[in-house]
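Worksheet: one structure, shown below.
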Amino acid sequence: MKTVHTITEARQLLDDARASGQRVGLVPTMGFLHDGHASLMRAAASACDVVISTIFVNPLQFAEGEDLEDYPRDLARDQAICAEAGVTLLLVPSVEEMYPTPIVTEVAVPPLANVLDGISRPTHFGGVATVVSKLFNIAGPCHAYFGEKDWQQLQIVTRMALDLSAPVTVVGCPIVREPDGLAMSSRNVYLTGEYRTAATVLSRALRRGVDLVASGQTDAAGVVGAMEELFHAEPLADLDYAAAVDASTLQPVDQISENVRLLVAAQLGPARLIDNTDAHRPNSLP
Ligand code: PAF
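Under my numbering, the first residue of the sequence shown carries the number 33, and numbering increases by one thereafter.
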């Protein structure tokens with residue numbers, strides 16, 4: 033695996049690879065990698081000849097007072113994980129390399145960005161869409177792999193690629209969980225002691241939701257209410273939202289039909305956690 037720090041070097045290597053007929057896979061990350069990231073890299077490696085991963089803690093997607101400065105970083109460890117998971121090219125650009133002049137362009141996907149997480153993080157998805165758009169421009173024609181844990185992000189980058197005719201096929205990959213159900217996240221490192229134990233409330237609430245759906249409950253308010261009850265019983269969790277939405281438009285639904293996604297977000301001490309599931313197919317939920 034080769035590590036580069038400039039856009040020019042990455043572009044050149046990927047252009048050369050495509051010129052010789054190789055397929056490119058892209059896995060954008062902010063580093064401090066875990067097995068969820070490795071699963072995206074392995075999926076890319078199994079479908080593509082060249083896998084570029086990027087590590088860039090993108091200031092644009094952090095609001096004032098969020099954890100930009102404290103965001104965990106460990107490049108040596110990340111390089112080992114990337115190499116092991118089949119990454120062939122790692123781009124680690126500096127903030128100056130990505131934003132050499134103050135950026136005045138913003139990529140916005142308002143109908144998908146202004147709901148759910150976008151209500152408490154109103155500038156977040158503009159920052160995500162802008163940096164992912166840049167990464168798509170840097171990587172060029174490719175398949176790009178994103179985790180389903182950030183379901184709203186996945187819908188936003190999928191729609192952005194479509195609307196902007198990006199030469200990119202967005203591939204969503206299943207959530208990877210700890211044995212007790214907690215969805216893997218770089219921010220789980222903030223969870224210590226009792227907060228780590230309490231953090232299973234997110235996956236337990238989703239499990240309660242899918243079980244109700246499986247038992248025949250189709251009223252979305254009933255399902256959401258049952259999920260909320262679990263949070264109210266967990267004093268260490270401060271619920272932001274529990275929701276049942278159309279999986280693509282992210283608009284709330286009244287009835288749980290096909291293509292409905294259940295989502296939850298909560299603050300547990302220092303960590304803001306999110307999780308979600310298909311309402312009918314719980315996949316990795318314990
Ligand atoms: O999901 C993330 O880690 C980030 O939002 C992404 C897609 C790498 C953009 O900075």
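C-beta atoms are modelled at their ideal positions from N, C-alpha and C, and glycine is treated no differently.
Item, Value
"Cβ-based burial, V233 [other Cβ within 10 Å; buried from 16]", "buried"
"Element boundaries [beta strand (DSSP E), containing G204]", "200-205"
"From I39, M130, V296, P302, residue whose alpha carbon lies closest to that of D182", "V296"
"Assigned secondary structure, Y273 (DSSP; H/G/I helix, E/B strand, else coil)", "strand"
"Endpoints, the alpha helix (DSSP H) within which I151 is located", "149-152"
"Closer than 6 Å: V119 CB and nearest the ligand PAF heavy atom", "no"
"Beta-bridge partners of R304, as assigned by DSSP", "Q299"
"Candidates I151, P60, Q299, of which the one nearest G179 by Cα", "P60"
"beta-carbon P91 near the ligand PAF non-hydrogen atom, thresh 6 Å", "no"
"Whole-number beta carbon distance between V163 and Q185, since they are thought to touch under 8 Å", "Q185 to V163, Cβ: 11 Å. No contact."
"Proximity below 7 Å, CB of I84 to CB of A193", "no"
"G158 - containing alpha helix (DSSP H), residue span", "156-171"
"Same chain, Cβ closer than 7 Å to A246, five either side skipped, listed in chain order", "none"
"Exposure of E266, with buried meaning 16 or more beta-carbon neighbours within 10 Å", "buried"
"V203 beta carbon less than 7 Å from that of S165", "no"
"R55, DSSP secondary structure in three states", "coil"
"Any non-hydrogen atom of the ligand PAF closer than 6 Å to M62 Cβ", "yes"
"Alpha-carbon to alpha-carbon, H66 and R239", "23 Å"
"Contact belief for L305 with A298 at Cβ below 8 Å, rounded distance in angstroms", "6 Å"
"Beta-carbon proximity of V256 to A230, cut-off 7 Å", "no"
"Range covered by the alpha helix (DSSP H) that runs through H37", "Counting along the chain, H37 falls outside any alpha helix (DSSP H), and DSSP gives it neither H nor E."
"Extent of the continuous alpha helix (DSSP H) run through I288", "Note, I288: premise wrong, no alpha helix (DSSP H); not H, not E."
"Beta carbon of A75 nearer than 7 Å to that of A117", "no"
"Strand pairing of V82, partner residues [DSSP]", "V56"
"A279 (DSSP reduced to helix, strand or coil)", "coil"
"Proximal residues to T35 (C-beta, below 7 Å), its chain only, five neighbours per side dropped", "Q111, L122, V124"
"Straight-line gap, I135 to A252 (C-alpha atoms, nearest Å)", "41 Å"
"Whether S235 touches L317 by CB criterion (7 Å)", "yes"
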